[in-house]
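Visitor:
2 protein chains.
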Amino acid sequence: MRQSHLFTGTRREAPKDEVAKNASLLIRAGFIDKLHAGVYSYLSLGLIVFKKIENIIREEVNKVGGQEILMPSLHPKENWLKTGRWDSMTDLYKVADSSGRENALAPTHEETVVPLVKSFVQSYKDLPLSVYQFQNKFRMELRAKSGILRAREFVMKDMYSFHTDENDMHNFYETMADVYRKIFDRVGIGHITYKTYASGGSFSKFSHEFQMVTDAGEDTIYICDECSIAINDEIIEVQKVCPVCGKDKFRKEKAIEVGNIFELKNKFTEPFDFKFKDSDGKDKIIQMGCYGIGLGRVMGAVVEASSDSLGIIWPDSIAPFKLHLIDLSGKKGGEEAKKKAEEIYTKLTEKGVSVLYDDRNSTAGEKFSDSDLIGIPKRIIVSQRGLEEGRLEIKDRKTGEVKMITEKELFEMF
Amino acid sequence: MRQSHLFTGTRREAPKDEVAKNASLLIRAGFIDKLHAGVYSYLSLGLIVFKKIENIIREEVNKVGGQEILMPSLHPKENWLKTGRWDSMTDLYKVADSSGRENALAPTHEETVVPLVKSFVQSYKDLPLSVYQFQNKFRMELRAKSGILRAREFVMKDMYSFHTDENDMHNFYETMADVYRKIFDRVGIGHITYKTYASGGSFSKFSHEFQMVTDAGEDTIYICDECSIAINDEIIEVQKVCPVCGKDKFRKEKAIEVGNIFELKNKFTEPFDFKFKDSDGKDKIIQMGCYGIGLGRVMGAVVEASSDSLGIIWPDSIAPFKLHLIDLSGKKGGEEAKKKAEEIYTKLTEKGVSVLYDDRNSTAGEKFSDSDLIGIPKRIIVSQRGLEEGRLEIKDRKTGEVKMITEKELFEMF
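Chains as they are written, first to last, in numbering that gives the first Met the number 0: chain A, 0 to 413; chain B, 0 to 413.
#1: On the CB-based measure, 16 or more other CB atoms within 10 Å of its CB, does Val401(B) come out buried or exposed?
#2: Report the partner residues of His207(B) according to the DSSP bridge assignment.
#3: Just list the residues that DSSP pairs Ala254(B) with in beta bridges.
#4: For His162(B), would you say it is in contact with chain A, using Cβ-to-Cβ distances shorter than 8 Å as the test?
#5: Using Cβ-Cβ distances below 8 Å, what residues of the region 102-120 of chain B are close to chain A?
#6: Compare the Cα-Cα distances from Phe266(B) to each of Ser23(B), Lys81(B) and Phe49(B) and report the closest residue.
#7: Would you mind telling me which residues of chain A sit closer than 7 Å to Thr9(B), beta carbon to beta carbon, in chain order?
#8: What residues match up with Cys289(B) in a beta bridge as DSSP calls it?
#9: Please decide whether Tyr344(B) counts as near chain A, where near means a Cβ-Cβ distance under 8 Å.
#10: Could you check what DSSP says for Phe137(B) in three-state terms: helix, strand or coil?
#11: Would you mind telling me which residues of chain A sit closer than 9 Å to Ser316(B), beta carbon to beta carbon, in chain order?
#12: For the beta strand (DSSP E) containing Pro75(A), list its first residue and its last residue.
#13: Can you tell me whether Thr163(A) is buried or exposed, with buried defined as 16 or more other CB within 10 angstroms of its CB?
#14: Any C-beta of chain A within less than 8 Å: which residues of the region 119-139 of chain B qualify?
#15: Is any beta-carbon of chain A found at less than 8 Å from that of Ile68(B)?
#16: Taking contact to mean at least 3 C-beta pairs separated by less than 8 Å, is the region 32-43 of chain A in contact with the region 63-76 of chain B?
#17: Measure the Cβ-Cβ separation of Ile255(A) and Ala300(A) and say whether it is below 8 Å.
#18: Checking 8 Å against the spacing of the C-beta atoms, do Arg151(A) and Phe161(A) come in under that value?
#19: May I ask which residues mark the beginning and end of the alpha helix (DSSP H) holding Met0(A)?
#20: From the beta carbon of Pro75(B), is the nearest beta carbon of chain A less than 8 Å away?
#21: Is it buried or exposed, Arg250(B), if we count other Cβ atoms within 10 angstroms and call 16 or more buried?
#22: Comparing the C-beta of Arg436(A) with each C-beta of chain B, is any distance below 8 Å?
#23: If Val113(A) sits next to Thr268(A), beta carbons under 8 Å apart, how far is it from one beta carbon to the other, in whole angstroms?
#24: Taking Cβ-Cβ distances shorter than 9 Å, what residues in chain A pair up with Val60(B)?
#25: Taking any Cβ of chain A, which residues in the region 10-36 of chain B have a Cβ under 7 Å from it, in chain order?
#26: Going by other Cβ atoms of all chains shown within 10 Å of its Cβ, with 16 needed for buried, is Gly65(B) buried or exposed?
#27: With Thr195(A) and Phe209(A) assumed to form a contact (beta carbons below 8 Å), what rounded beta-carbon distance in angstroms separates them?
#28: Leaving out five residues before and five after Lys246(A) in sequence, what residues of the same chain have Cβ atoms less than 8 Å from its Cβ?
#29: Answer with yes or no whether the minimum CB distance from Tyr290(A) to chain B is below 8 Å.
#30: Decide yes or no for the touch test of the region 332-347 of chain A against the region 182-190 of chain A: beta carbon pairs closer than 8 Å, at least 3 of them.
#31: Does Leu42(B) come within less than 8 Å of chain A when only Cβ atoms are used?
#32: Is the CB of Tyr39(B) under 8 Å away from at least one CB in chain A?
#33: Quick one: using the 10 Å Cβ neighbour count with 16 as the cut-off for buried, is Ser227(B) buried or exposed?
#34: Within 10 Å of its beta-carbon, does Lys33(B) have 16 or more other beta-carbons around it, so buried, or fewer, so exposed?
#35: Under 8 Å by Cβ, that's how I've got Leu322(A) and Ile375(A) pegged, so tell me the actual separation to the nearest angstrom.
#36: DSSP state of Gln132(A), grouped into three classes?
Now the structure itself:
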């Protein structure tokens, strides 16, 4: 993509009311825009990253049989009365039409997915099954201060699984824990993300959440480096040792939850009387699990985890582009370099390499600082002086390492 | 995809309160589910069709330089007060949080996109530009009776273009009319969709809408078959002749609007004081256009236009699968046919052909009626008797034409 074609640009400053590092950097780099507190737009570059995260999640959940659907946001009040959450959920947005009919603006989709799946399931032969979607969620956060880590409106991958018994539910729950492990590895935060033991497990003693270590985190976790797991506040108060190895050596860190997996059991199937006919001919209640990842939260977490004083440092897997090609031909006498930059851009694009090409009439300083802020993994500089030596400069955004390479070497690398 | 893996199935009947043909067929065939009046879920098969429509639209608008973004649904009241639509738009959902702060639940996005684009545009050099998104819209339809043709919540491709002057705006408007022509051709309704002249053109005498001929339509259009255009009620009353050829021979039809293009001029840029510095150094107001297509409406319109008494007949371009492979091996003695069906499914899948494979233990009658209802363009039947003759049966859903072909011929076709 030609940078001159992008309608967005970088900004010197984020809005004054934006205190979160993730949103500040993403706004300054032109990935997102703040509409009002806790509500953001994804701009061209941001949407590319967003879709890459979405595709990684989709690939991994499809592998374990997830079926993608799309459920609506306007839910009838009756479904929420059935589960008791119309009154109990404090961050639920309620919206009425002019005839007085009330709707919940969905913060999660159990109230919709249970009656939907119920309408198709009769017998044990129809189970297990799991469905998921990428859909907006609305949560009434009164003090939204964490940028896209905790928004009032955000897209979530929410998955729901349905089982004949608790054992099958629990096995799938463990499968999903592995799926989440892979997803966090692939988006580049696996090394700082811990399966964290929490209280309130409905099947085993523990429930689990995935926590990423970051100063921006709202939670505190205690990491057992021996086992690469963590426990949360509640657990450490009760048992004081690692539930895996039994040792009591922990590293205390601030962290943010980047994914959750729940054994819901019959919590939502019971209110909707969702039963199936088992192989013994008896009607039994369905067991259910649910599994959530917020896409914006993952994106924000990556930025919290991977940036420096100059800007964002994207992991390869979700970077908006593989290469940032910079035309440094300057205003005068750089015709040859300009021509060469265009030629390289065309060739790379034809080869299918994703390139952001800075073809703008800006100063070298502006181009470099924008490039650092945007954070594409590799930068190629085409300058008149380099060309005279038959060389291009390639720089690694993360390590800062600079090499001079020939054009031939460039096309061998990409 | 194996049909046995789908958690959905066909239904004998649509909900009793569902009067629209499009929703009835799509619900019975397992493409969508009705949550409540005017609000639907897209199920596995429906979401595949939905994404195909989305991709066709994306490809065509990208060709004319559209930049994809994603704006939120929760809009601050202030933006809607600025344009006057907080009070004037009767189908606007309003939602307040517990602190009393009010939001509009976006039925369209001018109130968001104008201040967003304004923050990046200073001079004539930044123009023209166009941005678009695929995003939920919410409209308070009190009597939602047209299925997915007119829903209370629906995904729309909404595009907004920004220009230095009316002439540039008008040229892009004409470009978008051509883009819409291509989109409707590609989704299979081009031959019954007419660019329809309406009153209230802000630049020329006319505005235009794209109307598809259907008995389910709410509008009446007058088609000039000579010019392949139409005029609406208002126009025929005023001028009684075709605005293109001047003749007065019309075919009167019921129709539904499947796409709209508007010359907004300064209607929304003025309230936000969105100006640019022109090449003459003067600050001028930006001219704007907008262009909408509802994805569900297109899907519903295709179903209204293309079905028979047995079910849906999908056009190739947006069919959920290219082929419906039916294993008709039966319960006994069909081992060879079963094995052959599995083998053909594997081979086609490896070749990248999209196949729905009916591997269920159902009767031939059930499989055939489900297949007719689902409406995949070609059906391949693998039966024991056919195999003994070395033949497979291939049936065209639209024409009903049946041919006996060899396996070799099948793999030459797909």
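Note that beta-carbon positions come from the ideal geometry of N, C-alpha and C, so glycine has one too.
Since we're looking at a predicted model, the values are computed, not measured.
Guide: The structure says:
#1: Here residue 401(B) refers to the residue found at position 402 when the second sequence is read from its first residue. Under this definition Val401(B) is an exposed residue.
#2: Within the second sequence, residue 207(B) is the residue found at index 208, counting from 1. Answer is Tyr196(B) and Ile260(B).
#3: Here residue 254(B) refers to the residue found at position 255 when the second sequence is read from its first residue. According to DSSP, Ala254(B) bridges with Val212(B) and Asp218(B).
#4: Walking along the second sequence from the start, residue 162(B) turns up at place 163. For His162(B), the answer is no, since every Cβ of chain A falls outside 8 Å of its Cβ.
#5: Cβ contacts with chain A: Leu104, Thr111, Leu115, Val116, Ser118, Phe119 and Val120.
#6: The residue given as residue 266(B) occupies position 267 in the second sequence. Strictly speaking, residue 266(B) in this sequence is Lys, with Phe absent from that position. For Lys266(B), the nearest C-alpha among the options comes from Lys81(B).
#7: By 1-based counting over the second sequence, the position of residue 9(B) is 10. Within 7 Å Cβ-Cβ: nothing; Thr9(B) doesn't reach chain A, min ~10 Å.
#8: For the purposes of this step, residue 289(B) is taken as residue 290 along the second sequence, with counting starting at 1. The partner list for Cys289(B) (beta bridge, DSSP) reads Tyr159(B) and Phe261(B).
#9: Position 345 of the second sequence, counted from the start, is the residue given in the question as residue 344(B). At a cut-off of 8 Å between beta-carbon atoms, Tyr344(B) makes no contact with chain A.
#10: Here residue 137(B) refers to the residue found at position 138 of the second sequence. Looking at Phe137(B) - three-state DSSP - the assignment turns out to be strand.
#11: Stepping through the second sequence from its first residue, residue 316(B) is reached at position 317. Within 9 Å Cβ-Cβ: nothing; Ser316(B) doesn't reach chain A, min ~20 Å.
#12: As a working mapping, residue 75(A) is identified with position 76 in the first sequence. For Pro75(A), the enclosing beta strand (DSSP E) has its first and last residue at Leu73 to Pro75.
#13: Residue mapping note: residue 163(A) aligns to position 164 of the first sequence, counting from 1. Buried: at least 16 other Cβ atoms inside 10 Å.
#14: Within the region 119-139 of chain B, contact with chain A at the beta-carbon level (separation under 8 Å) is assigned to Phe119, Val120, Asp125, Leu128, Val130, Asn135, Phe137 and Met139.
#15: In the second sequence, counting from the first residue as 1, residue 68(B) sits at position 69. Chain A contact via Cβ: present.
#16: Touching, yes, given that three or more Cβ pairs across the two stretches are closer than 8 Å.
#17: For the purposes of this step, residue 255(A) is taken as residue 256 along the first sequence, with counting starting at 1. For the purposes of this step, residue 300(A) is taken as residue 301 along the first sequence, with counting starting at 1. Their beta carbons are under 8 Å apart, which means Ile255(A) touches Ala300(A) by this criterion.
#18: Along the first sequence, read from residue 1 onward, the residue named residue 151(A) stands at position 152. Along the first sequence, read from residue 1 onward, the residue named residue 161(A) stands at position 162. Annotated as distal: Arg151(A) and Phe161(A), with beta-carbon spacing of 8 Å or more.
#19: On the first sequence, position 1 is the one that residue 0(A) refers to. Going by DSSP, Met0(A) is part of no alpha helix (DSSP H) at all; its letter is neither H nor E.
#20: By one-based count along the second sequence, residue 75(B) stands at place 76. Cβ-Cβ to chain A under 8 Å: yes for Pro75(B).
#21: Counting from 1 along the second sequence, the entry for residue 250(B) is found at position 251. Result: exposed.
#22: Chain A is shown from 0 up to 413; residue 436(A) falls before or after that span and cannot be answered.
#23: Position 114 of the first sequence, counted from the first residue, corresponds to residue 113(A). Position 269 of the first sequence, counted from the first residue, corresponds to residue 268(A). The pair is a contact, with the Cβ atoms about 6 Å apart (cut-off 8 Å).
#24: Position 61 of the second sequence, counted from the start, is the residue given in the question as residue 60(B). Within chain A, no residue has its CB atom less than 9 Å from the CB of Val60(B), the nearest being about 13 Å off.
#25: Listed by position, the residues of the region 10-36 of chain B near chain A (Cβ gap below 7 Å) are Asp32, Leu34 and His35.
#26: Taking the second sequence and counting its residues from 1, the one referred to as residue 65(B) is at position 66. The residue in question, Gly65(B), is buried, as its Cβ has 16 or more Cβ neighbours within 10 Å.
#27: To locate residue 195(A), count along the first sequence from 1; it is residue 196. To locate residue 209(A), count along the first sequence from 1; it is residue 210. Beta-carbon to beta-carbon, Thr195(A) and Phe209(A) are separated by about 7 Å, close enough to satisfy the 8 Å threshold.
#28: Against the first sequence, residue 246(A) aligns to sequence position 247. Within the same chain, Lys246(A) has close Cβ partners Cys223, Glu225 and Val240.
#29: Taking the first sequence and counting its residues from 1, one reaches residue 290(A) at position 291. Not one beta carbon of chain B lies nearer than 8 Å to the beta carbon of Tyr290(A).
#30: Judged by Cβ distances under 8 Å, the region 332-347 of chain A makes no contact with the region 182-190 of chain A, as fewer than three pairs qualify.
#31: Counting from 1 along the second sequence, the entry for residue 42(B) is found at position 43. Residue-level contact by beta carbon holds for Leu42(B) and chain A, with a gap shorter than 8 Å.
#32: The residue you call residue 39(B) lines up with position 40 of the second sequence. By this cut-off, Tyr39(B) is an interface position.
#33: As a first step, residue 227(B) is located in the second sequence; it is residue number 228 there, counting from the start. Its Cβ having fewer than 16 others within 10 Å, Ser227(B) is exposed.
#34: To locate residue 33(B), count along the second sequence from 1; it is residue 34. Taking a 10 Å sphere around the C-beta of Lys33(B), we find 16 or more other C-beta atoms and assign the residue as buried.
#35: Within the first sequence, numbered from 1, the residue matching residue 322(A) stands at position 323. Within the first sequence, numbered from 1, the residue matching residue 375(A) stands at position 376. That belief holds up - the Cβ atoms of Leu322(A) and Ile375(A) are roughly 7 Å apart, short of 8 Å.
#36: The sequence position of residue 132(A) within the first sequence is 133, counting from 1. Strand.
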